[in-house]
Amino acid sequence: MKRLAVLGAVMAALNAQAAPHFAVVGDRFELDGKPYVIRSGDMHYERIPRAFWRERLQQARAMGLNTITTYVFWNLHEAEPGRFNFSDNLDLAAFVRTAKEEGLNVVLRPGPYVCAELDFGGFPAWLLRTPGLRVRSMDPRFLAATERYFKRLAQEVAPLLSSRGGPILMTQVENEYGSYGDDHEYMAAIRKQVHDAGFDTPLFTSDGPDPSLLDRGTLPGVTAVVNFNGSLDEVKDAFAQLAGFRQNVPRMAGEYWAGWFDHWGERRHQTSPRMAADAVDWMLGQGISFNLYMAHGGTSFGWQPGANASATTYQPDTTSYDYDAAIDEAGRPTAKFFAIRAAIARHLAPGERLPDLPKTAPSIAIPRFTLDESAALTDSLPTPIASHLARNMEAYGQGYGFIVYRKRFAQAAAGKLDLGSVRDYAHVLEDGAIIATLDRRRNEHEADIDFKAGSTLDVVVENMGRVNFGPLLADERKGLTRPVSLGGKALLDWEVFTLPLDDLSGLCFKRSMPAKAGPTFWRGHFNVNAPGSTFLDTRMLGKGHVWVNGHHLGRYWRVGPQQSLFLPAPWLKKGDNEIIVLDLDGAKEALSLQGLPDPVFSTP
1 MKRLAVLGAV MAALNAQAAP HFAVVGDRFE LDGKPYVIRS GDMHYERIPR AFWRERLQQA
61 RAMGLNTITT YVFWNLHEAE PGRFNFSDNL DLAAFVRTAK EEGLNVVLRP GPYVCAELDF
121 GGFPAWLLRT PGLRVRSMDP RFLAATERYF KRLAQEVAPL LSSRGGPILM TQVENEYGSY
181 GDDHEYMAAI RKQVHDAGFD TPLFTSDGPD PSLLDRGTLP GVTAVVNFNG SLDEVKDAFA
241 QLAGFRQNVP RMAGEYWAGW FDHWGERRHQ TSPRMAADAV DWMLGQGISF NLYMAHGGTS
301 FGWQPGANAS ATTYQPDTTS YDYDAAIDEA GRPTAKFFAI RAAIARHLAP GERLPDLPKT
361 APSIAIPRFT LDESAALTDS LPTPIASHLA RNMEAYGQGY GFIVYRKRFA QAAAGKLDLG
421 SVRDYAHVLE DGAIIATLDR RRNEHEADID FKAGSTLDVV VENMGRVNFG PLLADERKGL
481 TRPVSLGGKA LLDWEVFTLP LDDLSGLCFK RSMPAKAGPT FWRGHFNVNA PGSTFLDTRM
541 LGKGHVWVNG HHLGRYWRVG PQQSLFLPAP WLKKGDNEII VLDLDGAKEA LSLQGLPDPV
601 FSTP
């Protein structure tokens, strides 16, 4: 037995020597004892259909990256407390292994807060069911949830950490906390949870370069990287500020924003390929590591998009997360890709060669087709919940989707209906027909009504995405969040219908127009000879959501700038395909759609 133990110890020592070792040594990173410059780009596995993972990673490698950075979206992995999902498109370990197979290391950003223009910054919506719970704080209820999450996450990826011979070089602690708070006790608690869960790689924090942000968001002994965008002068200034804050540490752009995201109702953001390439060129010339945010943005499918907000302005994010990245939403290299590739090529080590760019499958067009079956939303409601007050969505155990508040009037009712606060967009219906829309972006929450006896009021409220950045994210409950009144008097005793819309199989479609011009589900079919990615042209629609073969593509809205929805090839079938559209604006005739090979962006 003693001989076996000695043999085991020898084998373990040999394996440890053979495994690549990543470390922070003074002012540099080292891999296997040699200086190592990280050339990374963010790419989120959750925003890319799994069938595309390898191709996207090959493209990143061909651009010149040696590392892929990814956030972990807690809200998707633990959609309900204690019920974890790391399968199919959420198989993080498979994504990391695929990256390694393609010659890429990995930087892991597990949160628990990630921002990422993601609903609630990646926090699970169920945290909001607990009255008074405060995220990103020492609230013991919150910390119990994060501890459980980190431990379960470590079960998936611990064998893939660089400390055990895997490709995961570093693990981030929280994210941009300096832009939120200054509780160093909280940051230390998260660091301890990450380490205790088994993440024994080097740790790092990521914040803006302003000294006040670094002071609030960093921890002693933990590598600090900085996030920024801009011209070459702004890049130099960011590292000058980091040098003024902390010396003899590795320099790294945790996020160089090589593009930007879009809000509904605003113009599309685009940035200069030359500016991004110049930044990369200079950083590599200085031996500075970098992470492009994003290398490939992908799509915020389903209910993923979040929002920005100030005290008075709510800015919901679009479904597309194209980000004007080097690799576009459909996985095609852009001018920015080739500019950055050329910059990286100037700084390769002797003997290093960039791989050839893999062939990208062309996108397809789909001829226009009609959706000729319909089902009124008000005829498709589940069993109601009796509720004295119209309460927020989370109070009824719901996280995403729509919620409908119904009030029946035995007697005539007229006056100003004040919903108190609309989170985030409401269609007000009289007997199923739209009489008003209320938009949180404009702080709208009132409508004049004049109902006869026997009429039914329905308030259909859409969750447009929880705030994902800044102090307001802590209280982002949805639906109606304040008391409702009519003519200055409290309106009580409601029927409430939760509509998470995670299963549309129960809808009853008819080949006829709805009796009322209100929110309506439409169903149709289209044929594809050879599946390929396409962009569904939504310019003839108003506001709503689309599902194809059961996959929730996301939200469309005529206000732009996004005027098409990405439909990935793996979600299509050769032959017949089913599409369901929830059109909220009450179309007066059957809807029609077509597929385009390229996206459409415009802001009316």
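Residue numbers in the sequence shown follow full-length UniProt numbering, run continuously in steps of one, and reach 604 at the last position. The C-beta atom is built at its ideal place from N, Cα and C for all residues, glycine as well. Keep in mind that this is a model prediction, so the values were computed, not measured.
In the structure shown, residue 398 adopts coil according to DSSP, grouped into three states.
Rounded to the nearest angstrom, the gap between the Cα atoms of residue 53 and residue 552 is 19 Å. In the displayed model, residue 510 falls within a strand according to three-state DSSP. Taking C-beta atoms as the reference points, residue 432 and residue 375 fail to come closer than 9 Å. In this structure residue 538 does not touch residue 567 by the C-beta definition: roughly 11 Å separates them, more than the 8 Å allowed. Taking a cut-off of 8 Å for Cβ pairs, the segment 476-495 and the segment 407-416 touch, as three or more such pairs fall below it. Listed in chain order, the alpha helix (DSSP H) elements of length 4 or more contained wholly in the segment 276-358 are 335-345. Listed in chain order, the non-local C-beta contacts of residue 151 below 6 Å within the same chain comprise 197, local neighbours out to five positions each way being set aside. Comparing alpha-carbon positions, the option among 316, 232, 156 lying closest to residue 281 turns out to be 232. Within the DSSP bridge table, the entry for residue 457 names 407, 430 as partners. Residue 105: not part of any alpha helix (DSSP H); member of the beta strand (DSSP E) spanning 105-109, first to last residue.
Shortest Cα-Cα distance from residue 205 to any of 344, 253, 67 involves 253.
Considering only 531, 194, 46, 213, the residue with the shortest C-alpha distance to residue 366 is 531. Straight through space, the alpha carbons of residue 259 and residue 273 are spaced by roughly 9 Å. In the three-state scheme derived from DSSP, where H, G and I count as helix and E and B as strand, residue 41 is classed as strand. In the three-state DSSP reduction, residue 551 falls in the strand class (E or B).
In this structure residue 81 is exposed. Its beta-carbon is surrounded by fewer than 16 other beta-carbon atoms within 10 angstroms. For the 9 Å CB-CB criterion, residue 207 and residue 217 form a contact. Pairing residue 298 with residue 466 gives a Cβ-Cβ distance that is not under 9 Å. Taking C-beta atoms as the reference points, residue 354 and residue 170 fail to come closer than 9 Å. Counting C-beta pairs with one atom in each stretch, the segment 148-163 and the segment 174-184 have fewer than three that are closer than 8 Å, which means they do not touch.
A direct Cα-to-Cα measurement between residue 527 and residue 594 gives close to 11 Å. One thing to note: residue 521 has its Cβ no nearer than 9 Å to the Cβ of residue 268. Taking 9 Å as the cut-off, the beta carbon of residue 194 is found closer than this to the beta carbon of residue 173. Cβ neighbours of residue 312 within its own chain (closer than 7 Å, five residues either side excluded): 443. Looking at the backbone, the Cα of residue 83 and that of residue 74 are separated by about 11 Å.
Taking C-beta separations shorter than 6 Å and ignoring five residues to either side along the sequence, the partners of residue 51 in its chain run 570, following chain order. Scanning 344, 47, 429 for the CA closest to the CA of residue 585 turns up 429.
The residue from 183, 108, 158 with its alpha-carbon nearest to that of residue 138 is 183. In the DSSP assignment, residue 206 falls within the beta strand (DSSP E) that extends over 203-207.
Within the UniProt domain "Beta-galactosidase galactose-binding" (519-577), the runs of beta strand (DSSP E) that reach at least 3 residues and sit entirely inside it are, in chain order, 520-528, 534-537, 543-548, 551-557, 564-567. Taking a C-beta distance under 9 Å as the contact criterion, residue 88 and residue 303 do not qualify as a contact pair. Minimum Cα-Cα distance from residue 482 among the listed residues 573, 300, 389 corresponds to 389.
Separation of residue 386 and residue 603 (C-alpha to C-alpha, rounded to the nearest whole angstrom) is 41 Å.
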